[in-house]
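My numbering puts the first residue of the sequence shown at 140, with every later residue one more than the last. No residue lacks a Cβ here, since even glycine has one placed at the ideal position from N, Cα and C. Heads up: the structure comes next, in structure tokens.
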Amino acid sequence: MHLSNEIFTVSADTLDASGAHLFWTAKPETSLLNSIEEFGQATPILVCQSPEGLVLIAGHARLTALSTHGLPVLARMVEDVTEMDKGLLYLTDNLHRSLDDGMRLKALEYFAPLMDDKTLKNDILPRLGIKPKSKDARLLLEWLTMDADWQALLKTGHIPLALATVLSRMTTEDREAIHSLFTGFSWSRSNAVNMVNWLFETAKMRDKAVQDVMLDAGVTTILSQGLSPKDAIARLTTAARLARYPELTKLQDRFTAAAGEITSGTRWRMNQPNNFETGGAELTVQIKDAEQLERAVVEMADIAKASAWEKVWKLGSGND
140 MHLSNEIFTV
150 SADTLDASGA
160 HLFWTAKPET
170 SLLNSIEEFG
180 QATPILVCQS
190 PEGLVLIAGH
200 ARLTALSTHG
210 LPVLARMVED
220 VTEMDKGLLY
230 LTDNLHRSLD
240 DGMRLKALEY
250 FAPLMDDKTL
260 KNDILPRLGI
270 KPKSKDARLL
280 LEWLTMDADW
290 QALLKTGHIP
300 LALATVLSRM
310 TTEDREAIHS
320 LFTGFSWSRS
330 NAVNMVNWLF
340 ETAKMRDKAV
350 QDVMLDAGVT
360 TILSQGLSPK
370 DAIARLTTAA
380 RLARYPELTK
390 LQDRFTAAAG
400 EITSGTRWRM
410 NQPNNFETGG
420 AELTVQIKDA
430 EQLERAVVEM
440 ADIAKASAWE
450 KVWKLGSGND
């Protein structure tokens, strides 16, 4: 590969900007459009010659912005370029961008057929901000083996990188059963991982398919109710948790009700710290000044007199 010193002007509509190496293309930001309009093009795009004409290697956003304003394009020729070179040049030209896991997966999909796994891990992953021996490195490489429909959900931010661990343990049929959980909502890492783990573990414990567990737990019904994403995710995770930990969930619900009676109208918050292995509770409060501290002490005195403490003492004691 050789980057020539030749910089020339070309019409935007004569360039082929459809190459697979342009794996992060997006609409140009307003700031770039304004900059091009005010100052023109400060940095040339990179192109190479093909039998069909000029091919864009890097500078897609600049090309789009210049085309939008009807301006000619400054280009620099790259000679003797391979498909690997195209990807590396494009990657280097985009080092300023903030990367998410979906973008990293897109880049890995391009490079994976062009090199062995060791090179992909030790050369490309660090360029994407990932240490080769890290957990994220293992998860990203796992995602390369996933079905395209699951990869698409990661790329759009609907599911987290960490979901690869449990997905890789599931059958195709079980993955198909849970796919609808993620097509309409964007899940946080903890909710997504917990949801799938609870369904998968419950299926294993009951020797059932995940689809049957979803039906038994009411998950399928919740999906059909047209709820807002926030409400749907809350109800779905509650249903899956109840299926996986029915007794623990019942205890938690009763503890939450009792805690509400005890701390209502105060700044104090009440939690059960050890999954009801023993009775008891943990009380916390946030204060900013002496006045709030004094008020919290008064509230604690009232809290200590609450009759609902008897309900708390019984939970997890074996006497309830």
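Query                                                                                                           : Result
Exposed unless 16 or more other CB atoms sit within 10 angstroms - verdict on K427                              : exposed
Burial state of H160, where buried means 16 or more other Cβ atoms lie within 10 Å                              : buried
Through-space distance from L280 to D313, alpha-carbon basis                                                    : 21 Å
Alpha helix (DSSP H) segment containing I442, residue limits                                                    : A429 to A443
Nearest candidate by alpha-carbon position, reference T395, set E421, T376 and I298                             : E421
Top-ranked residue by Cα proximity to F147, from R215, L171 and T203                                            : R215
8 Å Cβ cutoff met for A204 and L171                                                                             : yes
T153 vs G192 beta-carbon contact at 8 Å                                                                         : yes
For V451 and N458, the rounded distance between their alpha carbons                                             : With a pLDDT of 49 at N458, under the threshold of 50, the modelled position of this residue cannot be trusted; read the value that follows with caution. Looking at the two C-alpha atoms, the distance is approximately 11 Å.
Residue-chain proximity (I361, chain D), Cβ-Cβ < 8 Å                                                            : As a matter of chain content, chain D is missing from the structure shown, which is built from one protein chain.
Bridge partners - Q180, DSSP secondary structure assignment                                                     : DSSP output for Q180 lists no bridge partner at all.
Other residues of its chain near I317: CB distance less than 7 Å, five sequence neighbours each side excluded   : V335, L338 and V349
Cβ neighbours of G226 in the same chain (closer than 8 Å, five flanking residues each side left out)            : H160, F162, A246, Y249, F250 and L253
Bridge partner(s) assigned by DSSP for R408                                                                     : T423
The ligand GDP heavy atom lying under 7 Å from the CB of L238                                                   : The model on display carries no ligand, and the ligand GDP is accordingly not part of it.
Sequence-distant residues of its chain with Cβ nearer than 8 Å to D288 (five each side left out)                : H318
Among L210, T322 and T284, nearest to E177 - alpha-carbon criterion                                             : L210
Host alpha helix (DSSP H) of V305 (start-end)                                                                   : A303 to L306
Burial state of D240 (16 or more Cβ within 10 Å)                                                                : buried
Spatial neighbours of L390 in its chain, beta-carbon cut-off 6 Å, leaving aside the 5 residues before and after : F415 and L454
Other residues of its chain near V186: CB distance less than 8 Å, five sequence neighbours each side excluded   : V149, L154, L193, V194, L195, I196, A214, R215, M216 and V217
Cβ neighbour criterion (16 or more within 10 Å) applied to R383                                                 : buried
Whole runs of the alpha helix (DSSP H) within the region 312-373, excluding any shorter than 4 residues         : 319-322, 328-345, 349-356 and 358-362
Under the three-state DSSP convention, the category P211 falls into                                             : coil
Presumed contact (8 Å Cβ cut-off) between P368 and F324, rounded CB distance                                    : 5 Å
Residue range of the unbroken alpha helix (DSSP H) whose run includes G399                                      : P385 to T402
Cβ-based neighbour list, A156, same chain, cut-off 7 Å, excluding 5 preceding and 5 following                   : L195, H199 and L202
Beta-carbon proximity list for P167, same chain, < 6 Å, skipping 5 on both sides                                : A200, T203 and A204
Buried/exposed call for L234, threshold 16 Cβ in 10 Å                                                           : exposed
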